[in-house]
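Residue numbers (this note's numbering), protein chains in the order written: chain A, 1 to 302; chain B, 1001 to 1155.
Data block below; observations after.
Have a look at this one:
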């Protein structure tokens, strides 16, 4: 993986995914190691994302790397009309690795083709967010002890949620049984379901999550955005049926864990937070270790 | 019109390639995709010609030019029924058809308005896929979204 960009989770084989997760475990045991001392990591956030940016920057600094970059395109030469090509080529002169978030779909793939240094995609528009996917996989493996043969339930906006799409594709390596809970308007796109079918795995679709909770090992919640509905009445009708409250978890399996890519709004009631099944805040913390594993691996130190 | 007369039209170049059975409305697209308008070779084309098979058709004849399969297959998206006739010294030496290629580069626009290829000066690249119903789709190399056949727009 040395010097190779990570743009889409599909760029990594099953073995490469597992290698990163194994390496992330060593960073969880010892997150502060000066193995990237002297390296410069550019953190280019063409659109704001507090959580992902701070997680990457903290991960890099804990490994002794220096971080340069920007947190919004508003203050950069992009504002003057500079092309992505020119920004990336220029920043490549100043850094060993570029972490980028960009509002345009495919921007990261393009950057990886023009940059002489490797790129880590920290989100390109509605397309891919592979480090979120890796930290989700890490969280699932850590809480369940395995990635294989699990019952994984996705709830909410399965149509537009890019984290759901990437994670579904990655889980196709691990013999997952998929349970897909969404309003009919926000079902998983057929192109993603095709991956499940190609892997010869099972999926079931539901509109109500209560019946599927007792079967699940992982409940992966996502936010339903009002603006996804052409008819606001339709939104009002469905919005509460995808909100999780603590009492719904009474008949959950003992190993059930609740994940959420965050930020959450009201799809998980705060009364769930104190339930030991709630794992979304630890999930975010796991992002540090996975990103450390990635940067160390790409820069060839591990 | 006798068959003999037709054969004469097709063979009217001494050396080169005849591309026959092009949908008449796509003749100019085929010329553009193959870059024939940029060549200095003699080029003849016809549109709205009578065709027993298709009702009407277009035809292109280009002198002293032969195509590699990967080059000619680029026209398969606009002219799937095209017949390629190679002529040497007024004789038809080979007839072939076109096949849809695995990759489609630079000639089709990505349907996703938020794709980098629609935002900056980046050439499009697609992989050809078929859905379960056998319909052709183009998967964008950059934004990873599919452009279905009815949404294909040529650049």
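Cβ atoms here follow ideal geometry from the backbone N, Cα and C, with glycine treated the same way.
Computed from a predicted structure; not experimentally measured.
- request: Consider the Cβ of residue 1122 of chain B: report whether some Cβ of chain A lies at a distance smaller than 9 angstroms.
  value: As a working mapping, residue 1122 of chain B is identified with position 122 in the second chain. Taking Cβ atoms only, chain A reaches closer than 9 angstroms to residue 1122 of chain B, which makes this a yes.
query = For residue 95 of chain A, does the count of other Cβ atoms within 10 angstroms reach 16, so buried, or fall short, so exposed?
reply = Here residue 95 of chain A refers to the residue found at position 95 of the first chain. Result: buried.
**Asked** When we look at the beta-carbon of residue 217 of chain A and count the other beta-carbons within 10 Å, is it buried (16 or more) or exposed?
**Response** Looking up residue 217 of chain A in the first chain gives position 217. So residue 217 of chain A counts as buried.
_Starting from residue 195 of chain A, trace the alpha helix (DSSP H) in both directions and tell me its first and last residue._
Working through the first chain from its first residue, we reach residue 195 of chain A at position 195. Taken as a continuous stretch (DSSP letters only), the alpha helix (DSSP H) holding residue 195 of chain A covers 190–198.
For residue 1064 of chain B, count neighbouring C-beta atoms within 10 Å of its own C-beta (all shown protein chains included) and say buried if the count is 16 or more, exposed if not.
Numbered from 1 along the second chain, position 64 holds the residue referred to as residue 1064 of chain B. Per the 10 Å Cβ criterion, exposed.
Determine whether the beta carbon atoms of residue 251 of chain A and residue 213 of chain A lie at a separation below 9 angstroms. Reading the first chain from its first residue, position 251 is the one you call residue 251 of chain A. Reading the first chain from its first residue, position 213 is the one you call residue 213 of chain A. Yes.
List the residues of chain B that residue 104 of chain A touches, going by C-beta distances under 7 angstroms, in chain order. For the purposes of this step, residue 104 of chain A is taken as the residue at position 104 of the first chain. In chain order: 1114, 1116 and 1119.
Exercise. Using a Cβ cut-off of 9 angstroms (strictly closer), state whether residue 1145 of chain B contacts chain A.
Key: Against the second chain, residue 1145 of chain B aligns to sequence position 145. It does: the Cβ of residue 1145 of chain B has a partner Cβ on chain A nearer than 9 angstroms.
### Query
Any residues in the segment 64–96 of chain A with a beta carbon nearer than 9 angstroms to a beta carbon of chain B? Which ones, in chain order?
83, 84 and 85
With a 10 Å radius around its C-beta and 16 neighbouring C-beta atoms as the bar for buried, classify residue 178 of chain A as buried or exposed. On the first chain, residue 178 of chain A is found 178 positions in, with the first residue counted as 1. Label assigned to residue 178 of chain A: buried.
Quick check on residue 273 of chain A: buried or exposed, where buried means 16 or more other Cβ atoms within 10 Å of its Cβ? Working through the first chain from its first residue, we reach residue 273 of chain A at position 273. Counting of Cβ neighbours within 10 angstroms places residue 273 of chain A among the exposed residues, the total staying below 16.
Cutoff 9 angstroms: residue 1150 of chain B Cβ touching any chain A Cβ:
Within the second chain, numbered from 1, the residue matching residue 1150 of chain B stands at position 150. Judged by the 9 angstroms Cβ criterion, residue 1150 of chain B is not in contact with chain A.
Residue closest to residue 13 of chain A, alpha-carbon to alpha-carbon, out of A/52, A/104 and A/174 | Walking along the first chain from the start, residue 13 of chain A turns up at place 13. Minimum Cα distance to residue 13 of chain A is reached at A/174.
_Measuring only the C-alpha atoms, how far is residue 1129 of chain B from residue 1105 of chain B?_
Mapped onto the second chain, residue 1129 of chain B falls at position 129. Mapped onto the second chain, residue 1105 of chain B falls at position 105. So the two alpha carbons sit approximately 14 angstroms from each other.
| Which word fits residue 79 of chain A, buried or exposed, when buried means at least 16 other C-beta atoms lie within 10 angstroms of its C-beta? | Taking the first chain and counting its residues from 1, the one referred to as residue 79 of chain A is at position 79. With fewer than 16 other Cβ atoms within 10 Å, it is exposed.
Practice prompt. Tell me residue 218 of chain A's beta-bridge partners as DSSP assigns them.
Written response: The sequence position of residue 218 of chain A within the first chain is 218, counting from 1. Residue 218 of chain A pairs with A/152 and A/257.
*Specify, as a first and last residue, the run of the beta strand (DSSP E) that residue 139 of chain A falls within.*
Mapped onto the first chain, residue 139 of chain A falls at position 139. Taken as a continuous stretch (DSSP letters only), residue 139 of chain A belongs to no beta strand (DSSP E), being part of the alpha helix (DSSP H) at 130–144.
(message) Here's the rule: buried if 16 or more other CB atoms are within 10 angstroms of the residue's CB, otherwise exposed. What is residue 154 of chain A?
(response) As a working mapping, residue 154 of chain A is identified with position 154 in the first chain. Counting Cβ neighbours within 10 Å, residue 154 of chain A comes out buried, since at least 16 surround it.
When A/167, A/102 and A/93 are compared against residue 117 of chain A, the one with the closest alpha-carbon: Here residue 117 of chain A refers to the residue found at position 117 of the first chain. The shortest C-alpha separation from residue 117 of chain A is found at A/93.
Closer than 9 angstroms at the beta carbon, the chain A residues around residue 1088 of chain B: Translated into positions along the second chain, residue 1088 of chain B becomes position 88. By Cβ distance, chain A contributes nothing, its closest Cβ being about 41 angstroms from residue 1088 of chain B, past 9 angstroms.
| Is it the case that the Cβ atoms of residue 119 of chain A and residue 41 of chain A are separated by a distance below 9 angstroms? | Taking the first chain and counting its residues from 1, the one referred to as residue 119 of chain A is at position 119. Taking the first chain and counting its residues from 1, the one referred to as residue 41 of chain A is at position 41. No. Outside cutoff.
key: residue 1124 of chain B beta carbon less than 9 angstroms from that of residue 1137 of chain B   = Here residue 1137 of chain B refers to the residue found at position 137 of the second chain. Here residue 1124 of chain B refers to the residue found at position 124 of the second chain. Taking 9 angstroms as the Cβ cut-off, residue 1137 of chain B and residue 1124 of chain B do not qualify as a contacting pair.
- Assigned exposure category for residue 1069 of chain B - 16 Cβ within 10 Å defines buried: For the purposes of this step, residue 1069 of chain B is taken as residue 69 along the second chain, with counting starting at 1. Label assigned to residue 1069 of chain B: exposed.
Output needed for residue 301 of chain A: all residues of its chain with C-beta closer than 7 angstroms, excluding positions within five of it in sequence on either side, in chain order. To locate residue 301 of chain A, count along the first chain from 1; it is residue 301. Here the set comprises 35 and 36.
Q | Validate contact between the segment 1066–1082 of chain B and the segment 1094–1102 of chain B using beta carbons, cut 8 angstroms, 3 pairs | A | yes
Can you check DSSP and say which residues form a bridge with residue 121 of chain A?
Locating residue 121 of chain A in the first chain gives position 121, counting from the first residue. DSSP lists A/100 as partners of residue 121 of chain A.
Check: Which of the three DSSP states, helix, strand or coil, is assigned to residue 1085 of chain B?
Finding: Stepping through the second chain from its first residue, residue 1085 of chain B is reached at position 85. Looking at residue 1085 of chain B - three-state DSSP - the assignment turns out to be strand.
- Message: Closer than 8 angstroms is the cut-off here; do at least three beta carbon pairs connect the segment 60–72 of chain A with the segment 81–90 of chain A?
- Response: no
> So does the segment 23–30 of chain A actually touch the segment 282–294 of chain A, counting three or more Cβ pairs closer than 8 angstroms?
Replying inline: yes
Q.
Counting beta carbon pairs with one atom in the segment 275–287 of chain A and one in the segment 154–166 of chain A, are three or more of them shorter than 8 angstroms?
A. no
- Message: Taking the alpha helix (DSSP H) that residue 160 of chain A belongs to, which residues open and close that run?
- Response: In the first chain, counting from the first residue as 1, residue 160 of chain A sits at position 160. Looking at the DSSP string, residue 160 of chain A is not in any alpha helix (DSSP H), and its letter there is neither H nor E.
If I'm right that residue 224 of chain A touches residue 242 of chain A with Cβ under 8 angstroms, what's the distance once you round it to whole angstroms? Counted from its first residue, the first chain places residue 224 of chain A at position 224. Counted from its first residue, the first chain places residue 242 of chain A at position 242. Their Cβ separation, rounded to whole angstroms, is 6 angstroms, which keeps residue 224 of chain A and residue 242 of chain A in contact under 8 angstroms.
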